[in-house]
Amino acid sequence: MTSLVHYPTASLKPHREASLLSGHLWIFSGALQQPPHWIEAGGLVDVKSSTGQFIARGYYNPLTDIAIRILTRDNAETIDTAFLRRRIRSASKLRQLLHPEQTNAYRLVHSEGDGLPGLVVDRYADVLVVQIHTAGMEHLRPLVLDALMEETGARGILLRNDSQSRRREGLEIEEPAVVAGEVPAQVLVKENGLQFLVDPWHGQKTGFFIDQRDKRAALQKYTHGARVLNCFSYTGGFSVYAALTGQETYVTSVDISAPAIATARENFTLNGLNPNEHTFFTADVFDYLEHAKSVGEQFDVVVLDPPAFAKAQNARVQALKAYRRLNMLGMQVLRPGGILLTCSCSGVISMDDLLDTLAQIAQQLHRPVQLLEKYTHGVDHPIHRVMPETSYLKAVFCRVK
Ligand code: SAH
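In terms of numbering that gives the first Met the number 0, the sequence shown opens at residue 0 and continues consecutively.
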């Protein structure tokens with residue numbers, strides 16, 4: 000069967016279908032026989048082999064190296080609201096694993112990982128925050144918004160098209176805007192039964208770092224009665240989890256953003272903790288660590304969850320230096336036998352890079368490091384089997400002797 004709608008064709012050069020057939024969702028411009036210049040940026044296309052066989056259907060952008068992103072391999076599947084609803088329904092079903100009565104802040108759609116390239120949807124209780132990263136998804140925007148409202152019954156949708164990556168696609172950077180229903184200034188969410196305030200309008204990323212949920216829970220086994228230092232704390236995700244593990248647990252949270260630290264204090268209160276029994280610093284983490292080291296301060300547990308030091312391949316070397324300096328300082332304020340949780344959300348830094356960094360520092364400081372747990376993101380950030388690009392977060396728990 001073929002779709003009732005007829006789409007224009009983009010033909011591959013001979014023998015260029017292997018990667019597509021393996022499940023990959025991108026076609027680079029060099030693989031196309033004749034770029035379909037007559038199609039507007041973001042337009043839908045059928046991809047055919049050099050011998051004219053239908054292979055897949057996706058959207059095209061002449062401005063980017065990734066010329067086509069695949070939406071379906073089923074010739075009978077028309078790209079319409081019903082198609083989008085099916086994909087969103089399947090994504091929603093997977094997130095039921097998080098038990099919505101315990102956790103109602105999660106990534107509902109993880110772009111290629113959920114078969115919807117260029118679309119990110121984060122759910123905060125009954126509010127959705129949407130990011131559109133590609134011209135093709137922008138083209139489908141009205142259908143996407145309809146499908147999301149129909150499928151999720153959300154109270155409102157906030158569109159946050161403020162990511163710099165849009166420029167590469169020929170798209171404008173936009174101010175956050177409500178595009179369906181209503182969206183309050185702050186949303187109270189649950190994560191593993193704990194409560195957090197999220198500001199979907201001005202918060203970083205879409206408001207909360209939902210990709211750290213599983214690491215926050217994992218941290219709790221190490222923090223009973225511990226002196227914990229949470230670097231780059233944002234609104235206190237790791238801090239709240241740690242502080243809840245015991246009366247004797249004492250948490251220091253450091254972030255450069257004053258509003259984030261103010262919300263961190265509120266999040267302590269929301270979870271029955273007294274923020275005045277803990278410490279909060281609005282400061283540069285590097286400055287803070289240099290100072291803590293110089294006065295000989297020691298912690299039992301140190302969390303390092305920096306922003307992406309490298310967003311592009313050409314920033315890799317600089318970024319590796321920054322990770323090295325940060326982890327070195329982190330270990331220097333960790334007591335012998337203490338626990339380090341170190342993370343990297345830079346796509347161009349691999350798990351091996353992070354482990355190499357730890358190995359180099361261990362050698363330099365003569366502090367043996369035992370690797371205890373390795374993580375990526377949780378089940379709400381599914382990783383596409385043949386697309387490592389859909390995985391960006393690396394996190395390692397280790398004991399530093
Ligand atoms: N661990 C957090 C997320 C961290 S995101 C959580 O679980 O929610 C990175 C954070 O680093 C942001 O809050 C940002 O404000 C902060 N930041 C960026 N550069 C910084 C610096 N040099 N010193 C301190 N904080 C910094």
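Don't be surprised by glycine CBs; every beta carbon is placed ideally from N, CA and C.
Please report the distance separating the alpha-carbon of residue i from that of residue j.
i: lysine 12; j: threonine 71; result: 20 Å
i: aspartate 351; j: isoleucine 360; result: 14 Å
i: serine 293; j: tyrosine 287; result: 10 Å
i: proline 116; j: glycine 22; result: 13 Å
i: proline 274; j: asparagine 266; result: 9 Å
i: threonine 102; j: leucine 43; result: 36 Å
i: proline 306; j: lysine 373; result: 19 Å
i: serine 2; j: leucine 83; result: 15 Å
i: phenylalanine 237; j: alanine 55; result: 43 Å
i: arginine 165; j: leucine 144; result: 18 Å
i: glutamine 219; j: valine 239; result: 10 Å
i: leucine 139; j: alanine 241; result: 42 Å
i: isoleucine 78; j: glutamine 52; result: 19 Å
i: glutamine 223; j: glycine 206; result: A small correction: the amino acid at residue 223 is histidine; glutamine does not occupy that position in the sequence shown. Roughly 28 Å separates the two Cα atoms.
i: leucine 319; j: tryptophan 37; result: 43 Å
i: proline 34; j: phenylalanine 27; result: 11 Å
i: glutamate 168; j: alanine 124; result: 31 Å
i: arginine 106; j: arginine 159; result: 14 Å
i: alanine 134; j: glutamine 95; result: 30 Å
Run the proximity test for residue i: is its beta-carbon closer than 7 Å to any non-hydrogen atom belonging to ligand 1?
i: aspartate 283; result: yes
i: phenylalanine 279; result: no
i: phenylalanine 396; result: no
i: aspartate 304; result: yes
i: tyrosine 233; result: yes
i: phenylalanine 298; result: no
i: leucine 317; result: It is worth fixing the name first, because residue 317 is glutamine in this sequence and not leucine. For ligand 1, not one heavy atom lies less than 7 Å from the Cβ of glutamine 317.
i: phenylalanine 267; result: no
i: glycine 377; result: no
i: alanine 259; result: yes
i: glutamine 203; result: yes
i: glutamine 211; result: yes
Tell me which residue opens and which closes the beta strand (DSSP E) that residue i is part of.
i: serine 343; result: 333-343
i: asparagine 313; result: Note, asparagine 313: premise wrong, no beta strand (DSSP E); not H, not E.
i: serine 2; result: Counting along the chain, serine 2 falls outside any beta strand (DSSP E), and DSSP gives it neither H nor E.
i: lysine 393; result: 393-399
Would you say the beta carbon of residue i is closer than 7 Å to some non-hydrogen atom of ligand 2?
i: aspartate 254; result: Here the bound small molecules are ligand 1; ligand 2 is not part of this structure.
Could you give the residue range of the alpha helix (DSSP H) that holds residue i?
i: glycine 135; result: 134-138
i: alanine 216; result: 212-218
i: valine 239; result: 236-242
i: glutamine 33; result: Premise fails: glutamine 33 is in no alpha helix (DSSP H) and is neither H nor E.
i: glutamate 265; result: 257-269
i: leucine 371; result: No alpha helix (DSSP H) contains leucine 371, which is instead part of the beta strand (DSSP E) from 368-374.
i: histidine 290; result: 284-293
i: isoleucine 87; result: 80-94
Does the count of Cβ pairs from the stretch 336-354 and the stretch 64-80 closer than 8 Å reach three? No, because fewer than three Cβ pairs between the stretch 336-354 and the stretch 64-80 fall closer than 8 Å, the two stretches do not touch.
Are the stretch 3-19 and the stretch 30-46 touching, with three or more C-beta to C-beta distances below 8 Å? As far as the Cβ criterion goes, the stretch 3-19 touches the stretch 30-46, which means the pair count is three or higher.
Inspect the CB distances between the stretch 106-114 and the stretch 86-96 and report whether three or more fall short of 8 Å. The stretch 106-114 vs the stretch 86-96: in contact.
Between the stretch 178-195 and the stretch 250-269, can you find at least three pairs of beta-carbon atoms closer than 8 Å? Contact between the stretch 250-269 and the stretch 178-195 is present, because at least three Cβ pairs lie under 8 Å.
Okay, do the stretch 374-390 and the stretch 323-333 touch, 3+ Cβ pairs below 8 Å being the bar? Taking 8 Å as the limit for Cβ pairs, the verdict is that the stretch 323-333 does not touch the stretch 374-390.
Can we say the stretch 121-135 touches the stretch 193-201, given the rule of at least three CB pairs closer than 8 Å? Yes, since at least three Cβ pairs between the stretch 121-135 and the stretch 193-201 fall closer than 8 Å, the two stretches touch.
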